[in-house]
Ligand code: ZN
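Numbering (this note's numbering), first residue to last: 760 to 954.
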């Protein structure tokens, strides 16, 4: 390769990938970053008939693998530029990743809130402290298309709230500027699980 081509390659490669993607080697999907319009959109429901198709099942697996490669405990479909109401969580070391499809969350305010330090795979290098509800009720479909009604608590409920926000175009950085009842920014913090 001629030097001029090498120079152009080195100049344009970071600019081509820097603003849009957050690439993890070996990950099947690329994670989009803050500033990408898909991250601000209200995602579309997944048609129930689509859930068990091989194509959608592969997407679930690819999203879970991407989350694992990126070191996350959760990831939402919009974070890979797919505006659908689906996310993956893996809040426990002992359980495999779970697909949560078309979730509807009810925040249980009577159980109170707690402060949560969170990172976001779409906001590289930054973490935020937000208030989350300690308990939620969540209705959703699993990857088999089976309806689930769950009362979630603890870290599992926190990861679900973070990912559910992504389906509604909300990111943890938004709590700087918006007043929302789902959580409020308190301060930036140093280390946090990635979601
Ligand atoms: Zn996130």
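Beta carbons are placed, not taken as given, at the ideal position from N, Cα and C, and that holds for glycine.
Grab me the residues of residue i's own chain with a C-beta within less than 8 Å of its C-beta, minus the 5 sequence neighbours each way, in chain order.
i	result
residue 954	831, 832, 833, 834, 877, 878, 879, 880, 918, 921 and 922
residue 945	Residue placement at residue 945 is flagged as unreliable, the pLDDT there being 44, under the threshold of 50; the coordinate-derived value follows with that caveat. Contacts found: 874, 888, 889 and 890.
residue 803	842, 843 and 844
residue 911	894, 895, 896, 897 and 919
residue 854	none
residue 909	896, 897, 898 and 899
Spatial neighbours of residue i within its chain, please: CB distance less than 6 Å, with the 5 preceding and 5 following residues excluded, ordered by chain position.
i	result
residue 845	805, 836 and 860
residue 870	893 and 894
residue 901	907
residue 928	799, 800 and 801
residue 826	834 and 847
residue 766	Only weak support is given to the placement of residue 766: the predicted model assigns it a pLDDT of 43, under 50, and the value that follows is read from those uncertain coordinates. Around residue 766: no qualifying Cβ.
residue 816	none
residue 821	787 and 788
According to the Cβ coordinates, are residue i and residue j closer than 7 Å?
i	j	result
residue 788	residue 839	yes
residue 829	residue 847	no
residue 793	residue 882	yes
residue 856	residue 915	no
residue 951	residue 886	yes
Output needed for residue i: all residues of its chain with C-beta closer than 7 Å, excluding positions within five of it in sequence on either side, in chain order.
i	result
residue 904	807, 810 and 811
residue 747	Limits of the chain in this structure are 760 at one end and 954 at the other, which puts residue 747 out of reach.
Where DSSP assigns a beta bridge to residue i, which residues make up the other side?
i	result
residue 872	892
residue 836	The partner list for residue 836 (beta bridge, DSSP) is empty, contrary to what the question assumes.
residue 858	847
residue 953	831 and 878
residue 866	895
Are there three or more Cβ pairs, one per stretch, closer than 8 Å when the region 789-809 is compared with the region 862-876? no
At least three beta-carbon pairs within less than 8 Å, the region 854-870 to the region 892-904: Yes: the two stretches touch, three or more of their Cβ pairs being nearer than 8 Å.
Segments assigned beta strand (DSSP E), at least 3 residues, entirely inside the region 896-929: 906-912
Shell residues, 6 Å Cβ cut-off relative to heavy atoms of the ligand GDP: Among the ligands present in this structure, namely the ligand ZN, the ligand GDP is not found.
Alpha helix (DSSP H) runs wholly inside the region 790-834, at least 4 long, in chain order: 813-828
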